[in-house]
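For the record, in the sequence shown the residue sitting at position 62 is 55 according to the numbering used here, with numbers rising by one throughout. These notes are about the structure you will find just below.
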Amino acid sequence: MTTIRPFLMFQGGVAAAAIELYVKAFDGAVLRSVPHAGPQQGVQLAELVIKGQHVLISDSAVDHDFDFTPSTSLFVECDDRAELERLTEVLGAGGKTYMPLGEYGFSTAFAWVGDRFGVSWQLNLA
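Structure, rendered in structure tokens:
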């Protein structure tokens, strides 16, 4: 069976800190593996399971001229407003707000934030 998984590649050796944030943000997130390339190279390839979605995460071994962009984001359907508010606060801390938590024509409660590592999160009340 063919599978598609989001792959988040970080620069500057921050993948472990990003994983820590995502485990804190999402109750029940499971870190399945974190092989390290070496102490100076960070995370070679980690697999994080968030609400059943497998997300691959690594630190890039080389510097690139590109990084994350808000035009690609992870869209999260929240079961209740309290969860939506908590995720907006935790993921948005130290990052950017693209659309503040509020009611929009397409949703009764929605927020769009970029976390402090540059990953874009669209958070919606299901």
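Backbone N, C-alpha and C fix where the C-beta goes; we use that ideal spot for every residue, glycine too. In this text the structure is predicted, and so the values were computed from the model without any measurement.
Quiz prompt | the segment 10 to 24 contacting the segment 103 to 116, beta-carbon criterion three pairs below 8 Å | solution = Here the segment 10 to 24 lies against the segment 103 to 116, with 3 or more beta-carbon pairs under 8 Å apart.
Exercise. For D52, I'd like the list of residues in its chain whose CB is within less than 6 Å of its CB, leaving aside the five on either flank, ordered along the chain.
Key: By 1-based counting over the sequence shown, the position of residue 52 is 59. Cβ within range, chain order: F3, G6, A8, G35, V36.
Quiz item: Per DSSP, what kind of secondary structure is K44 in: helix, strand or coil?
Solution: Looking up residue 44 in the sequence shown gives position 51. For K44, the three-state secondary structure derived from DSSP is coil.
Quiz item: Taking the C-alpha atoms as reference points, what is the distance between R79 and L94?
Solution: Here residue 79 refers to the residue found at position 86 of the sequence shown. Here residue 94 refers to the residue found at position 101 of the sequence shown. When rounded, the distance between both Cα atoms is 11 Å.
Self-check item: Delimiting residues of the beta strand (DSSP E) encompassing L38
Solution: What you label residue 38 is simply residue 45 of the sequence shown in a count that begins at 1. Taken as a continuous stretch (DSSP letters only), L38 belongs to no beta strand (DSSP E), as it is neither H nor E.
Quiz item: Taking DSSP as the reference, what is the three-state secondary structure of V55?
Solution: On the sequence shown, residue 55 is found 62 positions in, with the first residue counted as 1. DSSP places V55 in coil when its eight states are reduced to three.
Quiz item: Quick one, which of L49, Y91, A22, E82 has its alpha-carbon nearest S64's?
Solution: Stepping through the sequence shown from its first residue, residue 64 is reached at position 71. The residue with the shortest Cα to Cα distance from S64 is Y91.
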